[in-house]
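Below: one structure, written as structure tokens.
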Amino acid sequence: MKQQVDGISTKGNRKNLGHVHEKLQEVIQNNVNLKGISQFVIGKHWALVKQKEKEDFLREYEVYLTRLCVKILYKYMHDSEMIIMNTKAVDDETCLVGTRFSYGDEEFTNIDFKVTKNNSSFLISDVVMSGISIAINQRSQFSEKIDTHGIASVIAELKCNNNP
169 MKQQVDGIST KGNRKNLGHV HEKLQEVIQN NVNLKGISQF VIGKHWALVK
219 QKEKEDFLRE YEVYLTRLCV KILYKYMHDS EMIIMNTKAV DDETCLVGTR
269 FSYGDEEFTN IDFKVTKNNS SFLISDVVMS GISIAINQRS QFSEKIDTHG
319 IASVIAELKC NNNP
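As structure tokens, this is what we get:
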């Protein structure tokens with residue numbers, strides 16, 4: 169994935185923002201387990217909502233998550249350098265890839281990618297920034313929103329935010 173992102177940024181496409189965002193979306197869709205993360209985020213509500221609501225939530229959350237990842241990768245392309253620090257097997261299907269994103273001379277952020285085997289390839293199934301799991305954090309936030317406002321309201325908000 170790092171090579172794919174670096175390849176986009178070195179092809180002279182930085183000025184064509186639409187093209188760069190489109191290419192970054194492809195990288196995300198090919199390397200991140202969007203469906204798995206989306207199902208994890210809806211959490212306990214998965215068994216409680218109708219099939220149509222599941223489909224609508226998954227579709228809208230995948231768009232939301234893709235856009236969020238594109239923003240992060242776009243920032244990485246311009247303002248930082250990523251170094252792979254270590255890898256650690258969690259089990260036969262999962263490993264953690266520890267990275268360090270350097271910003272400027274002294275600033276850095278440690279980011280771990282949870283990578284899980286998916287059929288014949290590997291997909292990112294979570295990102296842990298400074299010890300905080302994005303998937304768990306999102307699950308907590310969305311669970312609270314669904315409990316408070318209902319799944320239909322959350323889907324409507326996602327849809328609205330996905331179509332600026």
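Quick note on my numbering: the sequence shown kicks off at 169 and runs consecutively. We put the beta carbon where it would ideally sit given N, CA and C, even for glycine.
- Apart from the 5 residues on each side of it in sequence, A303 sits with its Cβ closer than 6 Å to the Cβ of I205, F208 and D294 in its chain, given in chain order.
- For G266, the enclosing beta strand (DSSP E) has its first and last residue at T262 to Y271.
- Going by DSSP, E275 is part of the beta strand (DSSP E) stretching over E275 to N286.
- Bridge pairing for S301: V296 [DSSP].
- Rounded to the nearest angstrom, the gap between the Cα atoms of C237 and I196 is 7 Å.
- One Cα belongs to S288, the other to E221, and the distance between them is close to 30 Å.
- Our two residues, M250 and K243, have alpha carbons roughly 12 Å apart in a direct line.
- Separation of F276 and N184 (C-alpha to C-alpha, rounded to the nearest whole angstrom) is 28 Å.
- The Cβ neighbour count for K282, taken over all protein chains shown within 10 Å, is at least 16; the residue is labelled buried.
- For V200, the three-state secondary structure derived from DSSP is strand.
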